[in-house]
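Structure first, commentary second.
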Amino acid sequence: MVDGQLHSARIVVASNRGPVSYRLGEDGSLTAGRGGGGLVSGLSAVGHAEAAVWVCAALGDGDRAAARAAGRRLDAADTGGHQVRMLDIAPEVFSAAYNGVANSVLWFVHHLLYQTPLEPVFDAEFAERWAAYEAYNTAFAEAIAQEAATGARVLVQDYHLALVPGLLRERRPDLRIGHFSHTPWAPPDYFRLLPDDVAEQLLRGILGGDRAAFLTRRWADAFAACCEGLPGAQVVRDAAGAAVEVRLDGRTTRLGVHGLGADADFLRERAHRPDVEERMAALRERIGPGRRTVVRVDRTELSKNIVRGLLAFRRLLQDRPEWRGRVVHVAFAYPSRQDLKVYRDYTAEVARVAGEINSTFGTAGWTPVDLHVKDDFARSLAAYRLADVALVNPIRDGMNLVAKEIPVVSDHGCALVLSREAGAAAELGEDALVVNPYDVRATALALHEALSMDPGERAERTKRLASAATALPPARWFLDQLEALGGE
Ligand code: G6P
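Here is the structure:
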């Protein structure tokens, strides 16, 4: 394995979660598993992979062992040919930054998840976690500063790494730096929940870059609105009132919007492999002949609003008894962030409500909710293909790719019930049934309309949804950001 020269990368991508993760066997052996997602296919589009480096964090024990065993770069055989530098940050620093700040504070702020009478509480213990977040961001900035060639372009991802653009600018003023938020951005009144110094550091961190980019205009505008509260910052708007740049301390950060789309070629090919066909047959068997399906596929994530989705399904069965015995809610809720108690409790609540619906309405031959918690990508694709209705009702979501993927692979057309608070609503709203995610009654009504939709209309809408969903495939999404950074 060759480690590559320092200061040789023309392109650097930085994200908390990298394109590979390692499992540590009981005998000490390491098995590499590859991740999917837009960044992986985006980086593949760069072609000359040797000039691009991906910097990420070791997330668990397997990753740590692999990062230690490797030199500066992981074995390219494990990473799909990508040059990957995995940072072995001290576990307690990583955990405080990732669990204690990124996932339990910044994620909560941007998705409006707090129960505000009791939380958040910012005390001395939070100050320690914040120091860990600074250290974790500094480790990234230092690694990128070592890897990047003069004038290289750097694409920093997400709320985990909000301080990196500023920290990197101090170390390497020659670089072209972009930050991309895959989440929503909080509205100013909610962002103000954060301690003032923390809020200022986050904004100044991102404004250390040449560009700050978002999945939809709404999140870019929210970011700009937060910047308006920062002393000395000036937001510049175009004639239509959209924020285009933020000026601070003699520097300018341009704002961009890149609405990541579904990867149609990959999905269509993958969704027709034999393992998916097998799972379709198994799902059909469980659903029962002639029944309709309402499908959801999510991480068991607080922002995904799975419990209210179940309550809406229950209300549908209550208010429209004609659907009893004729529809199954296939709900995939895959484990996520189980290190956090609030996620474990939420996972238990999802199972409890699903069980309650089944015991109230179920009969010998019909189980109304078919809940699956074991992650299985082939089975998700199988459900995408056979869904009559897709339920995508997040409280708030940066984009939501499930809403974009289902229409692309659907066999016979699928009606989409979509939250107006998902970024995807800006692109798919016209052909979806758009709902207020907090309104269980309205969501139940939308489910009824979706289930009752004429098949011809459903197929037509699905075609239009698929075409909107694939307007900006991952490779183009990635290259657009590189081009917009300029410098090459
Ligand atoms: C969101 C974030 C990503 C994150 C993903 C999964 O989509 O924007 O940065 O990787 O959730 O969350 P996890 O904590 O498992 O990486």
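When we follow our numbering, the leftmost residue of the sequence shown carries the number 1344, and every step to the right adds one. No residue lacks a Cβ here, since even glycine has one placed at the ideal position from N, Cα and C.
Looking at A1583, F1557, R1554, A1542, the one whose alpha-carbon comes closest to that of E1571 is A1542. Proximity of the beta carbon of G1741 to ligand 1 is indicated: a heavy atom of the ligand is located closer than 7 Å. Closest option to G1584, judged by alpha-carbon separation, among D1774, L1573, A1568: A1568. Closest option to A1505, judged by alpha-carbon separation, among V1735, R1519, Y1479, R1496: Y1479.
Residues W1528 of the same chain have their beta carbon placed closer than 6 Å to that of F1566, with the five preceding and five following residues left out of the count. Taking every residue with its beta carbon within less than 5 Å of a heavy atom belonging to ligand 1 gives, in chain order, R1360, D1501, H1525.
T1559 is classed as buried because its beta carbon has at least 16 other beta carbons within 10 Å across all chains shown. Our two residues, R1512 and A1474, have alpha carbons roughly 20 Å apart in a direct line.
Between L1598 and A1555, the CB-CB gap stays under 8 Å. Taking C-beta atoms as the reference points, C1757 and T1813 fail to come closer than 8 Å. Taking the Cβ atoms as the reference, V1735 lies roughly 6 Å from A1765, within the contact range of under 8 Å. A distance below 6 Å between beta-carbons, with the five flanking residues on each side excluded, links R1407 to the following residues of its chain, in chain order: A1401, D1431. By the criterion of at least three beta-carbon pairs nearer than 8 Å, the region 1606-1625 is not in contact with the region 1680-1699. According to the DSSP assignment, S1702 belongs to the alpha helix (DSSP H) that extends over 1684-1704. Scanning the region 1704-1781 for uninterrupted alpha helix (DSSP H) segments of 4 residues or longer gives 1720-1729, 1745-1752, 1768-1771, listed from N- to C-terminal end. Comparing alpha-carbon positions, the option among D1662, T1596, R1629, P1538 lying closest to F1469 turns out to be P1538. E1588 is bridged by DSSP to V1579, R1597.
In the structure shown, W1397 falls within a strand segment according to DSSP collapsed to helix, strand and coil. Cβ-Cβ separation between A1746 and A1767: approximately 4 Å, consistent with a contact (criterion under 8 Å). Check the Cα spacing between M1623 and each of H1350, L1417, L1724: the tightest is with L1724.
The straight-line gap separating the alpha-carbon atoms of H1525 and T1706 is approximately 42 Å. Boundaries of the beta strand (DSSP E) around I1520: 1519-1523. Separation of the CB atoms of R1728 and A1614 is rounded to 6 Å, and the pair is thereby assigned contact status at 8 Å. Contact check for A1726 against V1670 fails: the beta carbons are separated by 8 Å or more.
For S1810, the enclosing alpha helix (DSSP H) starts and ends at 1798-1812. The beta carbons of V1507 and G1548 sit closer together than 8 Å.
Under DSSP, M1429 shares a beta bridge with C1399. In the three-state scheme derived from DSSP, where H, G and I count as helix and E and B as strand, V1389 is classed as coil. Judged by DSSP secondary structure, V1670 falls within the beta strand (DSSP E) whose first and last residues are 1670-1677. If you ignore the 5 residues before and after A1721, its C-beta comes within less than 6 Å of the C-beta of D1618, V1619, R1622, all in its own chain and listed in chain order. Assignment of G1604 by DSSP, reduced to helix, strand and coil, places it in the coil class. Here R1658 is near V1783, since their CB atoms are less than 8 Å apart. Per DSSP, the unbroken beta strand (DSSP E) holding G1376 starts and ends at 1373-1377. According to DSSP, residue pairing for V1497 in a beta bridge involves V1355, I1520. A direct Cα-to-Cα measurement between L1761 and L1776 gives close to 6 Å. Annotation for R1416: no beta strand (DSSP E) segment contains it, and DSSP assigns it neither H nor E.
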